[in-house]
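Engineer: The sequence shown maps to residues 7 to 86 in the working numbering.
We put the CB at the ideal spot given by N, CA and C, even for glycine.
Below is one structure. I have some questions about it.
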Amino acid sequence: MADFDDLVRTEAYLIWQSEGRPHGQDARHWKMATERVRSRMPVKAAKIVAPVKPLPLQRVALLARSTRKPQPAETFRASA
């Protein structure tokens, strides 16, 4: 995890510099840097809190169907 900490440290430093090197903002900069680094991580590297269960195929097929009611066929009159 040292690589992650190094990335966060570098990002926090860049944030600190971009804000004019303010004093006493290190916790806020570290939090911002952590969020930025995590947002750039690939999805599979991110910590998953709960496993995702795939839906059964039958339910997926039902969800894909249109919810519109079919319209009755229109009758056309022949023009004389």
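1) Give the range of the alpha helix (DSSP H) segment to which R27 is assigned.
2) According to DSSP, is M47 part of a helix, a strand, or is it coil?
3) Distance check for L13 and R34, CA to CA, integer angstroms please.
4) Distance, Cα to Cα, R27 vs A18?
5) Going along the chain, which residues of its own chain have a beta-carbon closer than 7 angstroms to the beta-carbon of M38, five neighbours each way excluded?
Structural biologist: Short version:
1) For the purposes of this step, residue 27 is taken as residue 21 along the sequence shown, with counting starting at 1. Here R27 belongs to no alpha helix (DSSP H), and DSSP marks it neither H nor E.
2) Numbered from its first residue, the sequence shown carries residue 47 at position 41. DSSP places M47 in coil when its eight states are reduced to three.
3) As a position in the sequence shown, residue 34 is number 28, starting the count at 1. As a position in the sequence shown, residue 13 is number 7, starting the count at 1. Whole-angstrom Cα-Cα distance: 16 angstroms.
4) Locating residue 27 in the sequence shown gives position 21, counting from the first residue. Locating residue 18 in the sequence shown gives position 12, counting from the first residue. Their Cα atoms are separated by approximately 11 angstroms.
5) Taking the first residue of the sequence shown as 1, we reach residue 38 at position 32. Closer than 7 angstroms at Cβ, skipping near neighbours: I21.
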